[in-house]
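Chains as they are written, first to last, in our numbering: chain A, 1 to 112; chain B, 1 to 111. In this text, a Cβ means the ideal position worked out from N, Cα and C, and glycines have one as well. The structure presented is a predicted model; accordingly, all values stated were derived computationally and were not measured. Okay, so here's the structure we're looking at.
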Amino acid sequence: DAGVIQSPRHEVTEMGQEVTLRCKPISGHNSLFWYRQTMMRGLELLIYFNNNVPIDDSGMPEDRFSAKMPNASFSTLKIQPSEPRDSAVYFCASSFLGDTQYFGPGTRLTVL
Amino acid sequence: SQELEQSPQSLIVQEGKNLTINCTSSKTLYGLYWYKQKYGEGLIFLMMLQKGGEEKSHEKITAKLDEKKQQSSLHITASQPSHAGIYLCGADTGTASKLTFGTGTRLQVTL
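In structure tokens:
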């Protein structure tokens, strides 16, 4: 069975550009989480969804960040406009009914 | 103040040696998750502990949760180069499905 799938694996963009990260959770999982990992702040939860509904977005840094989950098998995290301080590894994770979270391989974002 | 603290931050051990990583919470843990991360990769789930005093083992890795459910330890017996990576603990402190992660312990195993 495929795990959590994220794309792209690497993204390099220039400041001011829009960036869209994509995630496909494990089939049957009903919770989806977006995390950001940096050396300075470690792994931080940005937002999570239950049954496609955003439950807690208190970790979203600012209005430049937005996340959607149009259906049970797809979610996006968008940054517009991007800034150099957004450079990080972004992880998506999914779980079933609050059980163990399984992580994707991550997207390494570099904003120049 | 930091909710979840891991120690040590980094560790270098010789192959074959035992080691212990600690994770301490300022709140009662409803669940404690251990993950391993290799550079450039995602987090791999290792074990989950829920009950006070619980202990689980997988191959040469043993994780324990203390009776008060505020501290967990991860013990590796006879370490191997394949154990190298970053070990992270994730805590469920009762806030819905959210996990708070420690800062991680970077483990290097030398030959």
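* To do: For the beta strand (DSSP E) holding S82/A, just list the boundary residues, first then last.
  => S82/A -> no beta strand (DSSP E), and no H or E assigned at all.
* Taking the Cβ atom as the reference point for each residue, do E3/B and T100/B lie within a distance shorter than 8 Å? -> Judged by beta-carbon spacing, T100/B lies within the 8 Å limit of E3/B, meaning their Cβ atoms are closer than that value.
* When we look at the beta-carbon of I47/A and count the other beta-carbons within 10 Å, is it buried (16 or more) or exposed? -> Sixteen is the threshold: when 16 or more other Cβ atoms of the shown chains lie within 10 Å of the Cβ of I47/A, as they do, the residue is buried.
* Taking the continuous beta strand (DSSP E) assigned at T24/B, which residues delimit it? -> Here the beta strand (DSSP E) through T24/B covers 19-25.
* Asked: So, using beta-carbon positions, are H29/A and S75/A closer together than 8 Å?
  -> Contact: no.
* Which residues, in chain order, does the region 99-110 of chain A contribute to contact with chain B at a C-beta distance below 7 Å? -> Result list: T100, Q101, Y102, F103, G104, P105, G106.
* Step through the CB atoms of chain A and report whether any lies within less than 8 Å of the CB of S72/B. => Not closer than 8 Å to any Cβ of chain A, the Cβ of S72/B fails to qualify, so no.
* Asked: Can you find a CB in chain A that lies within less than 8 Å of the CB of T103/B?
  -> Look at T103/B: its C-beta is under 8 Å from a C-beta on chain A.
* Please list the residues of the region 16-33 of chain A that have a C-beta atom closer than 9 Å to any C-beta atom in chain B, keeping them in chain order. => Cβ contacts with chain B: S31, F33.
* Indicate, with yes or no, if the ligand ZN has a heavy atom lying under 7 Å from the CB of E3/B. => The ligand ZN is not part of this structure, which contains no ligands at all.
* Alpha-carbon to alpha-carbon, G106/A and R106/B -> It is roughly 19 Å from the alpha-carbon of R106/B to the alpha-carbon of G106/A.
* Asked: T13/A and S82/A look like a contact to me (Cβ under 8 Å); what is the Cβ gap, rounded to whole Å?
  -> Contact holds; Cβ gap of about 6 Å.
* How about R98/A and I5/A: do their beta carbons lie closer than 8 Å? -> Note on identity: in this sequence residue 98/A is Gly, with Arg being the wrong assignment. A distance of 8 Å or more separates the beta carbons of G98/A and I5/A.
* Asked: For Y33/B, which residues of its own chain have a beta-carbon under 6 Å away from its beta-carbon, when the five flanking residues on both sides are left out?
  -> Correct list, in chain order: M48, G90.
* Report the option in Q80/A, D63/A, N50/A whose CA atom is closest to the CA atom of R71/A. => Sequence check: residue 71/A is Asn here, not Arg. Ranking the options by Cα distance to N71/A, first place goes to N50/A.
* **Length of the line joining the Cα atoms of T28/B and S58/A** => T28/B and S58/A have their alpha carbons spaced roughly 22 Å apart.
* Whole alpha helix (DSSP H) elements within the region 7-62 of chain A, 4-residue minimum -> Here no run is fully enclosed.
* **Host beta strand (DSSP E) of Q71/B (start-end)** => Where Q71/B is concerned, the enclosing beta strand (DSSP E) stretches over 71-76.
* Starting from the beta carbon of S75/A, find every residue of chain B whose beta carbon is closer than 9 Å, and list them in chain order. => From the beta-carbon of S75/A, no residue of chain B is found nearer than 9 Å; the closest lies around 15 Å away.
* **P8/B (DSSP reduced to helix, strand or coil)** => Annotated three-state conformation of P8/B is coil, per DSSP.
* **CB contact below 8 Å: L45/A versus chain B** => At a cut-off of 8 Å between beta-carbon atoms, L45/A makes contact with chain B.
* To do: Under 8 Å by Cβ, that's how I've got M40/A and V111/A pegged, so tell me the actual separation to the nearest angstrom.
  => About 15 Å separates the two Cβ atoms, so there is no contact after all.
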